[in-house]
DNA sequence: AGAAGCTCTTTCACATTATGAAATGATAAA
DNA sequence: TTTATCATTTCATAATGTGAAAGAGCTTCT
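Protein chains in written order, with my numbering: chain A, 1 to 263; chain B, 1001 to 1263.
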């Protein structure tokens, strides 16, 4: 009886509604909201409670979802397996690995590979020259587009309509340096395309600077971003040109491996 | 109840057939078979080609599946994100992390946490004292039950019927030392339960020895296995008692953190 | 070049499968 | 106790998913 405007609409793929809905349920989970009750999640994805319950039960029986002692839902172990498999099977990651290692060694900093995933940037691989232990902890993590060098870069190369859509949305300040003014951000995006690289200075973490460059595939589309970053103390203004140069060589080499041919 | 001669039957969860089928498609991908053509995978999971095509298209539109230039299917980047999220959200991993670090430090070897996933053991976390770089590469990897210390241990604590079912299946030799005789393996499983730990000596990798111990949850069920392992050269017979002792303390501490109370 | 064979993709009539309102359990708060 | 909230099950309904068949590309053989 209450068919209001639309709190959240699931784009259902024709002939696979149940599958699209099940995936929407999985995607409701993230680092900020790792656990849901049935009522919460069914409200969130705007599905009937019975339907939600049935879909989650199916996902649980396959190990993609797990339940607490309290009956709350979490992502299941089977997803760790699928994620690891997806990671190892990624052609992009395979092509980038050796180049990331070189870049990390050359600069002495951390080299990262990221792709665009919905409204965030997704870390595909990470190599650090310093911090050898405890790395790869961030693989699979999602970060906001407007507060990262890679995110701004990946956004900058998208079609105008998509950029507009993002600038409409709420730009939350992660640090005091995060750019939250749409006009300022848009100006930066134009600059990024003009220069071919992006910089983020304390916009995600205070005292952390990163630069990012685009990776192209054989179809000359930007499919990923490479970045190098480290503490602002080490990434001095004098060092930046050298770092950007190494970064751009890396980005070009990865693109080459993906079949990109400049012309 | 299931005849091996049948091609492959998907256990469809009532009221979510399409979801179960879509998940079966995802699970068809593993390290050994990371890429499928439509014809291959539809034969493998025993689904109509049109149905398979539609389900894969739905998965692709959500980023869980990706396609090659050749049109072949692979797991998609979105799964890396979900996998990372599942990993960071795992209560088990959270409870085990500090203990694994202690164990790795104490022994100077590699400590691993694994759970049972279908017919394999799944690596949830890994901490190495030696090899600091390039670790965590194995997180999400699946290994055969009969060729690993953790696998044998996890199997040993399962109900008899399940053990029988596994021993029926093909036990493939990964190395010359892999146990492929069902009777020998069964005897080992009994011994494992009696002693409370498992050993694998060159059964997965030649020259690599590992020992594993069970992790219990609040319900006194074995939910995971911890192991320590290293080159046979370092894991001498004299050192083994000391290593097993450390391992068992670790396993008990993790269990304690999960709410297990001995009695 | 044309035919034959292959795989991928789309269509469409049909009914199986998924849906959600409502009823029922189960638990917690008043 | 009653009241409220959340999880689970049921079941009539039709919308969704299904698969045979035909179409569209592309490769290989004659």
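Note that the Cβ used here is the ideal one computed from N, Cα and C, for glycine as well.
- Contact annotation for residue 10 of chain A against chain B: no contact, minimum CB-CB distance about 10 Å [criterion: below 7 Å].
- At the C-beta level, residue 1020 of chain B and residue 58 of chain A come within 8 Å of one another.
- Annotated as distal: residue 1127 of chain B and residue 1153 of chain B, with beta-carbon spacing of 8 Å or more.
- For the segment 72-97 of chain A, residues whose beta-carbon sits nearer than 9 Å to a beta-carbon of chain B comprise 74, 75, 76, 77, 78, 79, 80, 81, 82, 83, 84, 85, 86, 87, 88, 89, 90, 91, 92, 93.
- For residue 44 of chain A, the enclosing alpha helix (DSSP H) has its first and last residue at 38-45.
- For residue 1243 of chain B, the closest alpha carbon among the candidates B:1011, B:1106, B:1182, B:1160 is that of B:1106.
- By the neighbour-count criterion, in which a residue is buried when 16 or more other Cβ atoms sit within 10 angstroms of its Cβ, residue 196 of chain A is exposed.
- Taking 8 Å as the cut-off, the beta carbon of residue 26 of chain A is found closer than this to the beta carbon of residue 1082 of chain B.
- For residue 164 of chain A, the secondary structure class from DSSP, reduced to helix, strand or coil, is helix.
- An exposed status is given to residue 1009 of chain B, since fewer than 16 other beta-carbon atoms sit within 10 Å of its beta-carbon.
- At a cut-off of 8 Å between beta carbons, residue 19 of chain A contacts chain B.
- Around the Cβ of residue 1212 of chain B, a 10 Å sphere holds 16 or more other Cβ atoms; the residue is buried.
- The beta carbon of residue 1139 of chain B sits closer than 8 Å to those of 1087, 1123, 1124, 1125, 1126, all from its chain and outside the five residues before and after it, given in chain order.
- Bridge partners of residue 17 of chain A according to DSSP: none are assigned.
- Under the three-state reduction of DSSP, residue 78 of chain A is assigned to helix.
- Between the alpha carbons of residue 259 of chain A and residue 224 of chain A lies a gap of roughly 14 Å.
- Against chain A, the CB of residue 1124 of chain B has a partner CB under 8 Å away; the residue lies at that interface.
- Under the Cβ criterion of 8 Å, residue 29 of chain A is counted among the residues facing chain B.
- Apart from sequence neighbours up to five positions away, the residues of its chain that approach residue 1163 of chain B with a beta-carbon distance below 8 Å are 1155, 1156, 1186, 1189, ordered along the chain.
- The segment 158-177 of chain A makes no contact with the segment 244-259 of chain A, as fewer than three CB pairs between them are under 8 Å.
- Residue contact check for residue 115 of chain A against chain B: a CB pair falls below 8 Å.
- Counting along the chain, the unbroken beta strand (DSSP E) around residue 110 of chain A starts and ends at 110-117.
- Rounded to the nearest whole angstrom, the C-alpha separation of residue 17 of chain A and residue 230 of chain A is 44 Å.
- Approximately 7 Å separates the beta-carbon atoms of residue 1142 of chain B and residue 1121 of chain B; this is inside 8 Å, confirming the contact.
- A straight-line Cα-Cα distance of about 19 Å links residue 198 of chain A and residue 176 of chain A.
- Contacts between residue 13 of chain A and chain B, judged by CB atoms closer than 7 Å, involve 1057, 1058, 1061 in chain order.
- Straight-line spacing of the CA atoms in residue 167 of chain A and residue 179 of chain A works out to 11 Å.
- The C-beta separation of residue 89 of chain A from residue 1069 of chain B comes to about 15 Å, leaving the pair out of contact by the 8 Å criterion.
- Close partners of residue 154 of chain A in chain B (Cβ separation under 7 Å) are lacking, with about 12 Å as the shortest Cβ gap.
- With its beta carbon less than 8 Å from one in chain B, residue 140 of chain A belongs to the interface.
- Here DSSP, grouped into helix, strand and coil, assigns residue 1199 of chain B to strand.
- Looking at the DSSP output, residue 208 of chain A bridges to A:231.
- Using a CB distance below 7 Å, no part of the segment 1243-1263 of chain B faces chain A.
- Here residue 1121 of chain B carries a strand assignment [DSSP, helix/strand/coil].
- Note: residue 65 of chain A is bridge-paired with A:75 in the DSSP secondary-structure output.
- Taking CB atoms only, residue 1038 of chain B has no neighbour in chain A less than 8 Å away.
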